[in-house]
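Chains as they are written, first to last, in the numbering used here: chain A, 1 to 286; chain B, 287 to 572.
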């Protein structure tokens, strides 16, 4: 309940660049949570935004593949219980094996994968209230046999609710990358997301401007969703701006086909953006 | 808990076009919920999709304004607790009055409005678990002094969780309009949303293809997010297809400025689409 009280004030918590979460925890009323790493993994990186439909899952799958291509061992955890997208994005249509105690992730494109979508029929809605979501997330973080990973990439759902709270309180999170499209309406949610992670003491690695613009056959750059808003937001909150990824129908097409663009065509200009981002991320940790 | 069990089976519930929800309720294990209308309103219409970022809020605000322009008394309830957008879309920066028992909606552009965003600072994240969300939704549906409305338009959050369940179980819902962009990844979530509303016995008025295509200065039609997927999905599920709304940077720009396009320029081609949809919707009810 103490967190709820805290939603009514803010602005007094400076970003903690040192990674010393203890100070933040004290400011949050002395409440401490036991944070466990996800067993079998070195670093947990979340892909988040608070806003839906900005390309989080597409980003998560392509950055996972890019990290693999530069030599890392990578897992991909689809934490969106209401809208799992990993089965489609990686074209996975099998159920994970279980020994009764742990679930074995499904390995595709050399990435270890887990999603609620592997456990249900494709079109079955998970009509669940919050506590069931929390329970599913705990299963995915505590009872999946991840095997010797450098990075686990967590694809977060929209919002600032049960899933975000469960991860931030229970799991040793090593960083979050925030994705947004550049229109003001999306950035509003993103700003709330930034404040949430700051309050919960999760380090924000940086912001990505996704669907920054569209290039027509006439070679014109169309800033369909506005211009420069994500970089301005990064500056406003003193966060790193990691770069922009233009709209390219090829990205969505490859996602729909189940072979993300970085896997399908590593030489594509979009793939090169992901590979360069992966190098940046890797150098932060390894 | 009975609903959770039901997530594991589906396909046997045919759409109930007669509006007789009793049959559906019996199929759901005999569990009945007392459904109250929202006091002060005749018809409750939800704008939903299960998927985030497809333009639900932009659609909800413009359809509310279009219904007003054709002579209806309209309210707009922003039910997205984690990502309220009504304060920005309608440029509302005041707190609602309260007599200690009820909240008075804020009237702007002759629409009665309510949003969690009116009660908090713009950038404050609502770091809430599910039961708090349910409690906020109950306040908005039971303790707001809506005044003699023909329609209340409810802008739903993404997902198939606490908010959707609370509305479907507690409130007499007269219909839901489902919005989607045409890419397969979005449609997956939309299909889950359709199944949820069918299971919960809420009538689906029809589907809208939002951001169907972009027209460049070269007059070319670019199907950025794919082609025809929403209409195919409507057919697949035996639902009405209500039409498409192209991507137009003007729509987002006007939203960011706080005067939605239907209010700012009722003669714009996009506004005409909304006005024609409003006529269709009105004729379904009045």
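We put the beta carbon where it would ideally sit given N, CA and C, even for glycine. Quick caveat, the model's predicted, so the values are computed rather than measured.
Alpha carbon to alpha carbon, how far is residue 52/A from residue 252/A?
Numbered from 1 along the first chain, position 52 holds the residue referred to as residue 52/A. Numbered from 1 along the first chain, position 252 holds the residue referred to as residue 252/A. Their backbone Cα atoms lie some 16 Å apart in a straight line.
With a cut-off of 8 Å, do at least 3 Cβ pairs link the region 40-49 of chain A to the region 172-185 of chain A?
Yes, the region 40-49 of chain A is in contact with the region 172-185 of chain A.
If the cut-off is 8 Å on Cβ atoms, which residues from the region 115-148 of chain A count as contacting chain B, listed in chain order?
Here the close residues are 120, 121, 122, 123, 124, 125, 126, 127, 128, 129, 130, 131, 132, 133, 134.
Kindly say whether residue 96/A, judged by its beta-carbon, lies nearer than 8 Å to any beta-carbon of chain B.
Sequence index remark: in the first chain, residue 96/A carries index 96 (1-based). Against chain B, the CB of residue 96/A has no partner CB under 8 Å away; the residue lies outside that interface.
Tell me which residues of the region 170-190 of chain A have at least one Cβ-Cβ distance to chain B shorter than 9 Å, keeping chain order.
Listed by position along the chain: 181, 183, 184, 185, 186, 188, 189.
Return yes when the Cβ of residue 111/A is within less than 8 Å of the Cβ of residue 165/A, no when it is not.
As a working note, residue 165/A is residue 165 in the first chain. As a working note, residue 111/A is residue 111 in the first chain. In this structure, residue 111/A does not lie closer than 8 Å to residue 165/A by Cβ.
Determine, using beta-carbon pairs with one atom in the region 468-484 of chain B and one in the region 108-126 of chain A, whether at least three such pairs fall under 8 Å.
Short answer: they touch.
How would you list, in chain order, the residues of chain B whose beta-carbon sits under 9 Å from the beta-carbon of residue 217/A?
In the first chain, the residue the question calls residue 217/A occupies position 217. Within chain B, the residues near residue 217/A are 502, 504, 506, 508.
Decide if the region 205-214 of chain A is in contact with the region 225-245 of chain A; the criterion is three or more beta carbon pairs, one per stretch, under 8 Å apart.
A contact exists between the region 205-214 of chain A and the region 225-245 of chain A.
Can you confirm whether residue 165/A, when its beta carbon is compared against all beta carbons of chain B, has any partner nearer than 8 Å?
Translated into positions along the first chain, residue 165/A becomes position 165. For residue 165/A, the answer is yes, since a Cβ of chain B falls inside 8 Å of its Cβ.
List the residues of chain A whose Cβ lies closer than 8 Å to the Cβ of residue 481/B, in chain order.
Residue numbering aside, residue 481/B sits at position 195 when the second chain is read from its first letter. Under the 8 Å cutoff, chain A gives 123, 124, 125.
Is it the case that the region 351-370 of chain B contacts the region 548-560 of chain B, given that we only count it when at least three CB pairs across the two stretches are under 8 Å?
Contact holds between the region 548-560 of chain B and the region 351-370 of chain B, because three or more Cβ pairs, one in each stretch, are under 8 Å apart.
Cβ closer than 8 Å: which chain A residues qualify as neighbours of residue 368/B?
As a working note, residue 368/B is residue 82 in the second chain. What residue 368/B touches in chain A: 50, 158, 159, 160, 161, 189, 192.
Round the Cβ separation of residue 100/A and residue 146/A to the nearest angstrom and send it over; I've been treating them as touching at under 8 Å.
For the purposes of this step, residue 100/A is taken as residue 100 along the first chain, with counting starting at 1. For the purposes of this step, residue 146/A is taken as residue 146 along the first chain, with counting starting at 1. No, residue 100/A and residue 146/A are not in contact; Cβ-Cβ is about 18 Å, not under 8 Å.
What residue does the beta strand (DSSP E) around residue 74/A start on, and which one ends it?
As a working note, residue 74/A is residue 74 in the first chain. Note, residue 74/A: beta strand (DSSP E), 74-78.
Alpha helix (DSSP H) containing residue 418/B: first to last residue?
Numbered from 1 along the second chain, position 132 holds the residue referred to as residue 418/B. Annotation for residue 418/B: the continuous alpha helix (DSSP H) segment containing it runs 416-428.
Three-way DSSP call (helix, strand, coil) for residue 540/B in this model:
Against the second chain, residue 540/B aligns to sequence position 254. The answer is helix: DSSP assigns residue 540/B an H, G or I state.
Which two residues bound the contiguous alpha helix (DSSP H) that contains residue 274/A?
The residue you call residue 274/A lines up with position 274 of the first chain. Bounds of the alpha helix (DSSP H) holding residue 274/A are 269-285.
Taking only beta-carbon positions, decide if residue 40/A is within less than 8 Å of chain B.
Here residue 40/A corresponds to residue number 40 of the first chain, with the count starting at 1. False, the Cβ-Cβ gap to chain B never drops below 8 Å.
In the structure shown, what three-state DSSP assignment does residue 150/A receive?
Taking the first chain and counting its residues from 1, one reaches residue 150/A at position 150. Residue state, collapsed to three classes: strand.
Residue 246/A: first and last residue of the uninterrupted beta strand (DSSP E) it sits in:
For the purposes of this step, residue 246/A is taken as residue 246 along the first chain, with counting starting at 1. Run containing residue 246/A: 241-247, per the beta strand (DSSP E) assignment.
Taking only the alpha-carbon atoms, compute the straight-line gap between residue 439/B and residue 363/B and give it to the nearest angstrom.
By 1-based counting over the second chain, the position of residue 439/B is 153. By 1-based counting over the second chain, the position of residue 363/B is 77. Taking the straight line joining both Cα atoms gives about 6 Å.
Quick check: is the beta carbon of residue 374/B nearer than 8 Å to any beta carbon in chain A?
Position 88 of the second chain, counting from 1, holds the residue named residue 374/B. So, interface residue.
Within 10 angstroms of the Cβ of residue 71/A, are there 16 or more other Cβ atoms? Answer buried if so, exposed if not.
Along the first chain, read from residue 1 onward, the residue named residue 71/A stands at position 71. Burial call: exposed.
Quick check: is the beta carbon of residue 91/A nearer than 8 Å to any beta carbon in chain B?
Position 91 of the first chain, counting from 1, holds the residue named residue 91/A. Residue 91/A does not count as touching chain B.
Below 8 Å CB to CB, which residues in the same chain sit around residue 528/B once its five sequence neighbours on both sides are set aside?
Translated into the one-based positions of the second chain, residue 528/B becomes position 242. So the qualifying residues of the chain are 463, 491, 492, 493, 494, 563, 566.
Which residue marks the beginning of the alpha helix (DSSP H) containing residue 348/B, and which one marks its end?
The residue you call residue 348/B lines up with position 62 of the second chain. Looking at the DSSP string, the run of the alpha helix (DSSP H) that includes residue 348/B is 342-355.
For residue 50/A, name the three-state secondary structure that DSSP assigns.
On the first chain, position 50 is the one that residue 50/A refers to. In the structure shown, residue 50/A falls within a coil segment according to DSSP collapsed to helix, strand and coil.
Neighbourhood of residue 314/B by C-beta distance below 6 Å, restricted to the same chain and skipping five residues each side
For the purposes of this step, residue 314/B is taken as residue 28 along the second chain, with counting starting at 1. Here the model assigns residue 314/B a pLDDT of 49, short of 50, so the residue's position is not dependable, and the following value carries that caveat. Cβ within range, chain order: n/a, list empty.
Contact list for residue 441/B against chain A, beta-carbon separation under 9 Å:
Taking the first residue of the second chain as position 1, residue 441/B is located at position 155. Per Cβ cutoff of 9 Å: no residues; residue 441/B is ~12 Å from chain A at best.
Bridge partner(s) assigned by DSSP for residue 180/A:
The residue labelled residue 180/A in the question sits at position 180 within the first chain. According to DSSP, which records beta bridges pairwise, residue 180/A is partnered with 209/A.
In terms of residue numbering, what span does the beta strand (DSSP E) encompassing residue 111/A cover?
Against the first chain, residue 111/A aligns to sequence position 111. It spans 111-115 - the beta strand (DSSP E) in which residue 111/A sits, taken as one unbroken run.
Run of the alpha helix (DSSP H) containing residue 108/A, from where it starts to where it stops
The sequence position of residue 108/A within the first chain is 108, counting from 1. That residue, residue 108/A, is in no alpha helix (DSSP H); its beta strand (DSSP E) goes 106-108.
Taking the straight line between their C-alpha atoms, what separation do you get for residue 234/A and residue 181/A?
Translated into the one-based positions of the first chain, residue 234/A becomes position 234. Translated into the one-based positions of the first chain, residue 181/A becomes position 181. Rounded to whole angstroms, the separation of the alpha carbons of residue 181/A and residue 234/A is 13 Å.
For residue 526/B and residue 328/B, the rounded distance between their alpha carbons:
Residue 328/B sits at position 42 when you count from the first residue of the second chain. Residue 526/B sits at position 240 when you count from the first residue of the second chain. When rounded, the distance between both Cα atoms is 23 Å.
List the residues that DSSP assigns as beta-bridge partners of residue 187/A.
To locate residue 187/A, count along the first chain from 1; it is residue 187. Beta-bridge pairing links residue 187/A to no other residue.
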